[in-house]
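Peer 1:
Residue numbers (this note's numbering): 592 to 877.
(1) Is it the case that the stretch 637–646 contacts the stretch 614–627, given that we only count it when at least three CB pairs across the two stretches are under 8 angstroms?
(2) Which residue from 759, 703 and 733 puts its Cα closest to that of residue 659?
(3) Using the Cβ count rule (16 or more neighbours within 10 Å means buried), how would you classify residue 743?
(4) Judging by CA-CA distance, which residue of 839, 648, 727 and 855 is the nearest neighbour of residue 683?
(5) Among residues of its own chain, excluding the 5 on either side of residue 636, which ones have a beta-carbon nearer than 7 angstroms to its beta-carbon?
(6) Measuring alpha carbon to alpha carbon, tell me which of 809, 620, 859 and 803 ends up nearest residue 750.
(7) Out of 822, 709, 718 and 814, state which residue places its alpha-carbon closest to the alpha-carbon of residue 761.
(8) Quick check on the burial criterion: 16 or more other C-beta atoms within 10 angstroms. Buried or exposed for residue 696?
(9) Does the separation of the CB atoms of residue 650 and residue 692 fall below 8 angstroms?
(10) Under 7 angstroms Cβ to Cβ from residue 781, same chain only, skipping five residues before and after it: list those, please.
(11) Run through DSSP, which three-state label would residue 859 get?
(12) Taking 8 angstroms as the cut-off, does the stretch 857–875 touch the stretch 764–773 (at least 3 CB pairs, one atom from each stretch)?
(13) Whose C-alpha, out of 798, 614, 859 and 645, is nearest the C-alpha of residue 632?
(14) I'd like the span of the beta strand (DSSP E) that includes residue 624, first residue to last.
(15) Quick check: the Cα distance between residue 779 and residue 842, rounded to an integer number of angstroms?
(16) For residue 832, does the three-state DSSP call read helix, strand or coil?
(17) Within this structure, are the beta carbons of residue 804 and residue 766 separated by less than 8 angstroms?
(18) For residue 684, does the three-state DSSP call read helix, strand or coil?
(19) Return the chain-ordered ranges of every beta strand (DSSP E) run that is complete within the stretch 743–775 and spans a minimum of 3 residues.
(20) Would residue 676 be called buried (16 or more neighbouring beta carbons within 10 Å of its own) or exposed?
(21) In terms of DSSP beta bridges, what is residue 700 paired with?
(22) Quick check on the burial criterion: 16 or more other C-beta atoms within 10 angstroms. Buried or exposed for residue 846?
(23) Quick check on residue 796: buried or exposed, where buried means 16 or more other Cβ atoms within 10 Å of its Cβ?
(24) Under a Cβ-count criterion, where at least 16 other Cβ atoms within 10 Å of its own Cβ denotes burial, should residue 603 be classed as buried or exposed?
(25) Hey, could you find the ends of the beta strand (DSSP E) residue 797 is sitting in?
(26) Who are the near neighbours of residue 605 in its chain, counting only those whose CB is closer than 7 angstroms to its CB and skipping five residues on each side?
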């Protein structure tokens, strides 16, 4: 049993962070959780609200923590929120906070498909964030997650919203592959990485064992309901994403979805020694 760990979590109000904080709390981990907006805290947790992650609000409280898990970021930008500002510049700030607070390990969730060859704005901001971390001199673990699924994840919310209307729209052919991973497996892996060295200084794809087409995933998700499934012209979906701020998909969301990105599940499984849930098991448990 791991004892006396002190862990910092940024982006505390997000989907992954909520599940992770609950998991860590159940293990009686001393938590320092930071968010721009208010959130309900768990036992063994200190809540830190700081709109700009101000050093004065944070530094003393996180001093000498064992690890910082950096989950703050955005997946869709607008005139008011910018990928570089949130994903890259905030990461640089968090790295500096780690150094000042004498935190020796940082764990970061990037994105499956991030690479030095990318041309996507979202992936570029994530890659530049990765570089801030790998060049920091800190022990680091960078996870590149696929779709993380569980209760109230963004993909499930989208599909449930569509199901309420009686129809799920699939952009384009739906034949592109995704590699979803259960949130319950994600929190186990992240927790393990906080107190062992076997993940240290690695960039690891955070993916499930199954490759499944988006069309098949939608059918599995809606199985047992009367929901109709309709394929929508991809050009029309992109046009809506460009012109409609309330579109279900942003441009980068669509690029990621149809990108056919495949992760190295064998490496993750070999390092973690965890038995990961299949897509069917994840959907049933969620």
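From the three backbone atoms N, C-alpha and C, an ideal C-beta is built for every residue, glycine too.
Here the structure is a predicted model, which is why all the values come from computation and not from measurement.
Peer 2: To lay it out plainly:
(1) In short, these stretches touch, since the Cβ pair count reaches three.
(2) It is 733.
(3) Residue 743 comes out exposed.
(4) When only C-alpha atoms are compared, the closest one is 727.
(5) The residues are 612, 616, 622 and 624.
(6) It is 809.
(7) Answer by Cα proximity: 822.
(8) Counting of Cβ neighbours within 10 angstroms places residue 696 among the buried residues, the total reaching 16 or more.
(9) Between residue 650 and residue 692, the C-beta spacing is below 8 angstroms.
(10) Here the set comprises 611, 660 and 698.
(11) DSSP places residue 859 in helix when its eight states are reduced to three.
(12) By the Cβ criterion, the stretch 764–773 is in contact with the stretch 857–875, since at least three pairs of Cβ atoms, one from each stretch, lie closer than 8 angstroms.
(13) That would be 614, whose Cα lies nearest to the Cα of residue 632.
(14) Counting along the chain, the beta strand (DSSP E) containing residue 624 begins and ends at 621–626.
(15) Each residue's CA atom was taken as its position, placing residue 779 and residue 842 some 31 angstroms apart.
(16) Note: residue 832 maps to helix in three-state DSSP.
(17) Yes, the Cβ-Cβ distance between residue 804 and residue 766 is below 8 angstroms.
(18) DSSP places residue 684 in helix when its eight states are reduced to three.
(19) Those beta strand (DSSP E) runs which fall completely within the stretch 743–775 and span 3+ residues are 758–762.
(20) When all chains shown are included, residue 676 counts as exposed.
(21) Partner(s): 734.
(22) It is buried - the Cβ of residue 846 has at least 16 other Cβ atoms within 10 Å.
(23) When all chains shown are included, residue 796 counts as buried.
(24) Buried: at least 16 other Cβ atoms inside 10 Å.
(25) Unbroken beta strand (DSSP E) run through residue 797: 793–797.
(26) Once the five neighbours on either side are set aside, the close Cβ partners of residue 605 are 662.
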